[in-house]
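Just so you know, we're using my numbering here: the sequence shown kicks off at 10 and counts up by one.
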Amino acid sequence: AGLSTESGIPDYRGETGSRRRGTPMTYQEFTGSEAARRRYWARSHVGWRTIARAEPNAGHRAVERLRRSGHVSAVITQNVDGLHRAAGTRAAVELHGGLHRVVCLACRRIGSREELDRRLEELNAGFRDGPARVNPDGDAELPQELVDGFRVAPCAACGGVLKPDVVFFGEGVPKPRVQRCYQLVDAAQALVVLGSSLTVMSGLRFVRHAARAGTPVVIVNQGATRGDDLAEARIGLPLGAVLTEAARRVRAS
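Listed below in C-alpha cells is the structure:
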C-alpha cells in the first residue's frame with residue numbers, strides 16, 4: 010500500500026520487504042470455491058469500512074499538485090484503495106484495479122461496491138459490529154464460525170458470481186492496461202517509484218523497462234526494493250514528508 014499507509018491503510022510488507030501477516034486470496038481460490046468466496050466477502054464486508062472511510066493524505070495531495078504543475082506527467086498505482094482519484098488524480102492508472110467497483114464473472118456488469126455493501130448489510134444485519142484487523146485489500150481477520158454464517162449477494166442483473174474489480178494474486182493484469190503503462194513510461198523523462206518494494210513483477214517490469222531504455226529511475230521507499238540496483242537515486246524517508254517538500258520546492262521555484 011506504500012503511499013496509503015499514512016491514510017490508515019496497512020501495507021502488505023514492512024521495511025524488510027517481508028509479508029506482515031495473512032495470505033491474500035488468490036484468483037484460483039476465489040473462482041474455484043464457494044466457501045472461499047464466502048470467506049472473502051465476509052472478511053471484506055467488515056474491512057470495507059476502513060477502505061471506504063480513508064482519505065487522501067499529504068502524499069496523495071502532493072502528487073496531485075505536482076501533476077497539476079506539470080512536473081508529474083502520469084500516475085500508475087498498484088494500490089486498490091482509490092485514494093489517488095479521491096485526491097483529484099482522475100487519470101491515474103489503477104494497475105491492480107479498484108475496490109470501489111465489483112464485476113460479475115458471468116455477465117461482466119460493473120457495479121458499485123457501495124451498492125453491494127448495502128445489499129450485504131441487508132442480508133447480514135449487524136455482522137460487522139466490533140473491531141477487526143484489516144489488510145490492504147480490505148480483508149479483515151474473522152473467526153471461522155462467523156464466516157460460515159455469512160450470506161453472499163449474487164449479481165443483481167443475472168445472479169452470477171460477483172468479484173471485486175481488482176487483480177487477485179495469480180490473476181493477470183489486463184493486457185490493454187499493461188500496454189497503457191508501458192506507453193506512459195516510454196513518454197516520461199524519469200520514473201519515480203513511491204512506497205513499493207517492487208516484490209511482484211507487475212510493478213517491477215516497468216522499472217526494468219525504463220532502465221533498459223536509459224530513463225532515470227528514482228525510488229522513494231523506507232526499505233530495500235527489488236529495483237534498487239536499477240535506480241539512480243534512492244530516498245529512504247516517509248513518503249508524505251518527501252512529496253510535500255518536493256511540491257513546496259516546486260512552488261517556490
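In this text, a Cβ means the ideal position worked out from N, Cα and C, and glycines have one as well.
Annotation for H218: the continuous alpha helix (DSSP H) segment containing it runs 210-221. Taking the C-beta atoms as reference points, N66 is found nearer than 7 Å to G249. Counting along the chain, H109 sits inside no alpha helix (DSSP H); it lies in the beta strand (DSSP E) bounded by residues 106-113.
Looking at the DSSP output, R243 sits in a beta bridge with I228.
A Cβ-Cβ distance of about 7 Å is found for the pair S205 and T234, placing them in contact under the 8 Å criterion. Taking 7 Å as the cut-off, the beta carbon of H105 is found no closer than this to the beta carbon of G91. Taking all protein chains shown into account, D148 has 16 or more neighbouring C-beta atoms within 10 Å of its C-beta and is therefore buried. Where S121 is concerned, there is no enclosing alpha helix (DSSP H), although the beta strand (DSSP E) around it starts and stops at 119-121. By the Cβ-count criterion, C190 is buried, with 16 or more other Cβ atoms from all chains shown falling within 10 Å of its own Cβ.
A contact between stretches requires three or more CB pairs, one per stretch, nearer than 8 Å, and the region 159-173 meets this requirement with the region 45-53.
Of the candidates A95, C116, A166, the residue whose Cα lies closest to the Cα of G107 is A95.
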